[in-house]
Ligand code: PRP
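Residue numbers (full-length UniProt numbering): 1 to 214.
Here it is in structure tokens:
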């Protein structure tokens with residue numbers, strides 16, 4: 001049996017995560033030339049990686065199939081809590097924002113407010129903290145369309161470069177919070193495989209610190 005199973009989030013975070021692992025001395029060549037494969041043995045260490053969607057990364061860690069998961073804070077904020085969040089990797093940096101059309105600030109609107117988001121829990125908590133009762137409309141993608149077509153008064157979504165908002169004529173009214181990738185650890189693995197888990201996290205932390213110094 002391999003000493004560690006690690007779930008990586010595919011898509012946006014994938015390249016930065018793989019680059020970080022390579023800098024930390026892990027054998028991730030198979031991840032970097034992956035084709036359609038989903039499971040990848042490390043070529044240097046006794047580790048296997050697998051690529052999954054962000055929500056599934058939490059599920060695999062919670063069920064102990066993965067000892068460690070690398071996943072965005074956005075996904076962690078939206079659901080799941082049966083794991084240890086151990087390390088901010090400092091990659092995949094972006095932020096949650098509240099945005100809408102120009103002159104349509106949903107934060108100053110009176111009366112009934114409708115907010116569209118892929119992240120209903122984050123949205124609920126954000127407006128709760130502001131003492132505002134809003135109707136949340138769950139949207140699965142291309143959230144920027146919703147205020148343009150009149151489905152809602154504003155959105156809570158991820159902004160990385162700001163290009164999507166800009167190209168669709170939307171403006172940011174507030175930053176909800178910053179986001180970055182985190183390493184999460186299965187609770188049993190943290191006890192039973194502590195040396196392996198801690199060594200892996202330490203290697204990533206060393207790369208993160210070296211990057212911060214640059
Ligand atoms: C995310 C997010 C924005 C976009 C922001 O969507 O929901 O639409 O990225 O990135 P930017 O600030 O760099 O333009 P994603 O690409 O994950 O696709 P989706 O809308 O289909 O979920």
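Idealized CB from N, CA, C, for every residue including glycine.
For clarity, every value in this text was computed on a predicted model and none was experimentally measured.
Given the structure, does residue i come close to the ligand PRP, in the sense that its CB is under 7 Å from one of the ligand's heavy atoms?
i, result
"residue 159", "yes"
"residue 123", "no"
"residue 117", "no"
"residue 162", "yes"
"residue 143", "yes"
"residue 194", "no"
"residue 36", "no"
"residue 95", "no"
"residue 12", "yes"
"residue 165", "yes"
Give the DSSP bridge partners of residue i, in chain order.
i, result
"residue 100", "171"
"residue 135", "114"
"residue 9", "52"
If contacts are defined as beta-carbon pairs under 8 Å, then residue i and residue j qualify, I think. What distance do you get, rounded to the angstrom?
i, j, result
"residue 171", "residue 119", "At roughly 19 Å, the Cβ-Cβ gap does not stay under 8 Å, so residue 171 and residue 119 are not in contact."
"residue 110", "residue 48", "In fact, because the Cβ distance is near 55 Å, the residues do not count as touching under 8 Å."
By alpha-carbon positions, which one of the options ends up nearest to residue i?
i, options, result
"residue 116", "94, 31, 7 and 137", "137"
"residue 93", "181, 28 and 63", "181"
"residue 58", "74, 46 and 48", "74"
"residue 123", "150, 164, 158 and 151", "158"
"residue 149", "70, 100, 65 and 179", "100"
"residue 78", "50, 121, 72 and 165", "121"
Q. Would you call the stretch 186–196 and the stretch 88–104 in contact, with 3 or more CB pairs under 8 Å?
A. no
Q | At least three beta-carbon pairs within less than 8 Å, the stretch 76–84 to the stretch 179–188 | A | yes
(Q) Pairs of beta-carbons, one from the stretch 196–208 and one from the stretch 19–32, closer than 8 Å: are there three or more? (A) yes
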